[in-house]
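If you read the sequence shown in our numbering, its first letter stands for residue 96, the second for the next number, and so on. Every residue gets a Cβ at the ideal spot worked out from N, C-alpha and C, and that includes glycine. Predicted model, so just to flag it, every value in this text is computed and none were measured.
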Amino acid sequence: MVLSDLGRRINSAFQDLSKVPIVDAASIDQLLKSVCNALIEADVNVKLVANLRSQVKNQVTALLNDKTNANWTDAQRRQRVQKAVFDHLVALVDPLHGQTKTDDESGAVVAAGNAGPGDIFKPKKGKPNVIMFVGLQGSGKTTSCTKLALYYQKRGFKTGLVCADTFRAGAFDQLKQNASKINVPFYGSYTETDPVAISAAGVASFKQNRFEVIIVDTSGRHKQEQELFDEMREIDAVVTPDLTIMVLDANIGQAAEAQSRAFKEAAGYGAIIVTKLDGHAKGGGAISAVAATSTPIMFIGTGEHAADLEPFRAQPFISKLLGMGDISGLMDKMEEMQMNGGQERQREMLKKIEEGGIFSIRDWREQLGNIMGMGPLSKIAGMIPGMGAMLSGAGGDDEAAGGKMKRMMFITDAMTAEELDSDGRLFTAPIRSKKPPPSESKEVAIAESSTAAGKSKKKKKPQPKVRMTARARRVARGSGTSVKEVEEFLMQYRMVANMVKKMGGKQGWLRQMQGMGAAGGKGKMPTPGMLPPGMSREQVMQMQNALPPEIKAQLRQPGGREKLLQQIQSGNIPEGLAGMGGGMGGLGGLGGLGGLANMMGGGGGGMPDMAQMQSMMQSMGGMGGMMNMMKGMMGGGGGGGGPPR
């Protein structure tokens, strides 16, 4: 069972719990049975699963039997049960669960569930920091060394790679090729066969040249190979690493516990990198290794490319596994994107935004480039609550999305400077319809005014029909695309421009993005229950009154709000909400999922990190707006909201 299947199984168990009329011991036992069966099928150690089951059951039973909680509704009881399961799943992948750590720079207290790589190991600027990699053969150590070197290089560290793997043929060639691709210096030898000597010489050379992060790649070894384990101890004694990282293949299965214990005793590693989580790996073995050695996971490998290394945080990881998004991961992507842009580019962008004006095609082109630079679209979608399920339902894939976005960039390449700085109206011209004779139009007007239907028709402002001009045909020829593709691109642009306009123009839009991304997610986040930005309480009340009758009826039922939020987060938007268009703008007009939660009279049904979820969804223009944009890139249909104008 792959990790995505595990998440679906656990979500299905939660949904079954929401259907039972009374939350009692029998329903809790059924929930735990389903969750534990899913974990065992995912290769999680049986003892760990049994321990989780007993702990959750004891905690939930104590809560429900507490007389002070006798007035809880069934919805509140379900929430407590789900939260207990969620917390214990986080504890499975987080050996420091429940503990806190103080950040050295800011002094802020970081919860263990949200601790990232910087909380496990923070290299010091201006000083050599040696990191040694250990692990089994074929676990992905050499590739992970390259990924980590690129990760620290992007953050301003002077990094170098040392190849101490003399056992595997082609190991030095592989590291040399990978290091050359990312422009990282490397050290190795084709003639020297002693890995201890190579390690010592390589680390000494990089220290002499004042490198700040020195990564040593060692040979793969098995716990039964005593000579190789002795060799690993010798390398450790020579290079005296500041951090030793164990690389675990997500496919390792039940052997993970014994192997990880052996490496822990020999090398005393302080962090784990789990690789190959993008494929059909079950991943349960890696979870078992974390619990067996009480060692935190630092990164996870999610692809074969050098940039496919994601910082690991326990709570967001479980949240993403259950389809509730990974806001912290999205923050990291945005922060990394801004780092790559450089300070000068950021100053130019800020100056341009402060001047106000229209959201031009050039601005949209720059945003497309930023989205493409953040990685595969499916990974970004998986970080946004509910978006992963929606995108998979659109039937697209990363290759199709990448091709679609590249063709959109080709279209902008064929435009002139005047066209790029415009709002797209240069490409369209109105179609003039023939006016009826005065007498005929008068008779029609009298006939229409005498009926209720005619009155309603008169109130609606007709939309002018437009056609594509010769400019669009020229751009299509110059970009190697069709006029239809140019028209679709302009429709996408208009949709995003309208979204930006509704959110207060470019200044307000970027201010929200800066508050989350530019500060690495450290900006002030709104708390659940706050009004959506730019909206008064009267406007929220108007939106509540505009909800369809069936949605209102559902909200009046016990636990109705929580059920509706869970339904939306899983990507299954009710027809009554999905069909709300025009001024409401579908879910996009509701200020995101958090705004919808506030409309319903709560802060998100007790789901984790709701404040961050709310802020992010608002900055993205709401779930419907973001879904429309991403589905359009994939070639799929639109979501909530009316057509672009």
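When secondary structure is reduced to three states using DSSP, tyrosine 364 falls in the coil class, being assigned neither helix nor strand. A residue is called buried when at least 16 other Cβ atoms come within 10 angstroms of its Cβ; aspartate 138 meets this threshold and is buried. For leucine 184, the closest C-alpha among the options Ile453, Glu320 and Pro411 is that of Pro411.
Around the C-beta of lysine 114, fewer than 16 other C-beta atoms lie within 10 Å, and the residue is accordingly described as exposed. The residues Thr241, Lys242, Leu245 and Ile277, in chain order, have a CB closer than 6 Å to that of alanine 401 in the same chain once the five nearest residues on each side in sequence are set aside.
Judged by their CB atoms, phenylalanine 324 and proline 290 are not nearer to each other than the 9 Å cut-off.
The Cβ neighbour count for glycine 221, taken over all protein chains shown within 10 Å, is under 16; the residue is labelled exposed.
The Cβ atoms of glycine 297 and tyrosine 285 do not sit closer than 9 Å to each other.
For glycine 255, the enclosing beta strand (DSSP E) begins and ends at 254-258. With 16 or more other Cβ atoms from the protein chains shown falling within 10 Å of its own Cβ, arginine 589 counts as buried. Excluding the 5 residues flanking it on each side, glutamate 287 has same chain C-beta neighbours closer than 6 Å at Ile293, in chain order. Shown here, valine 188 sits in a helix according to DSSP, grouped into three states.
Short of 6 Å from the beta carbon of valine 118, and not among the five residues preceding or following it, lie these beta carbons of its own chain, in chain order: Asp169, Arg172 and Arg173. Shown here, glycine 396 sits in a strand according to DSSP, grouped into three states. Leucine 243 sits in a helix when the DSSP states are folded into three classes. Using a 10 angstroms sphere on the CB of glutamate 645, the tally of other CB atoms stays under 16, which defines it as exposed. Here glutamate 405 carries a strand assignment [DSSP, helix/strand/coil]. Under the 10 Å beta carbon count, glutamine 354 is surrounded by 16 or more other beta carbons and is classified as buried. Shown here for lysine 271: same chain residues with a beta carbon closer than 8 Å to its own, the five before and five after excluded, namely Cys258, Phe281 and Gly283 in chain order. In this structure, alanine 592 sits near aspartate 518, with a CB-CB distance shorter than 9 Å. By the Cβ-count criterion, glutamine 321 is exposed, with fewer than 16 other Cβ atoms from all chains shown falling within 10 Å of its own Cβ.
In this structure, the straight-line span from the alpha carbon of aspartate 268 to that of leucine 417 is close to 40 Å.
Within the DSSP secondary-structure output, aspartate 344 pairs in a beta bridge with Thr370. With respect to the 9 Å criterion, glutamine 177 and phenylalanine 109 are classified as neighbours on the basis of their beta carbons. Counting C-beta atoms within 10 angstroms of its own C-beta, serine 149 has fewer than 16 neighbours from the protein chains shown and is therefore classed as exposed.
C-alpha of threonine 370 to C-alpha of isoleucine 395: approximately 6 Å in a straight line. Residues of the same chain with a CB within less than 6 Å of the CB of phenylalanine 306, apart from the 5 flanking positions on each side, are Lys253 and Gly255 in chain order. Here alanine 133 is buried. Its C-beta has 16 or more other C-beta atoms within 10 Å. Taking 8 Å as the upper bound for CB-CB distance, methionine 510 and valine 570 are in contact here, some 6 Å apart.
Taking 9 Å as the cut-off, the Cβ atoms of valine 311 and methionine 393 do not count as close. If only complete runs of 3 or more residues are kept, the stretch 250-307 shows the beta strand (DSSP E) at 254-258, in order along the chain. Between the C-alpha atoms of alanine 357 and aspartate 344 there is a straight-line separation of about 16 Å. Beyond the five residues adjoining it in sequence on each side, isoleucine 135 comes within less than 7 Å, by CB distance, of Val141 and Val144 in the same chain, given in chain order.
Nearest to aspartate 337 by C-alpha distance, out of Ala361, Leu404, Lys219 and Gly498, is Lys219. Apart from sequence neighbours up to five positions away, the residues of its chain that approach alanine 295 with a beta-carbon distance below 6 Å are Val333, ordered along the chain. Rounded to whole angstroms, the gap between the alpha carbons of lysine 162 and isoleucine 123 is 19 Å.
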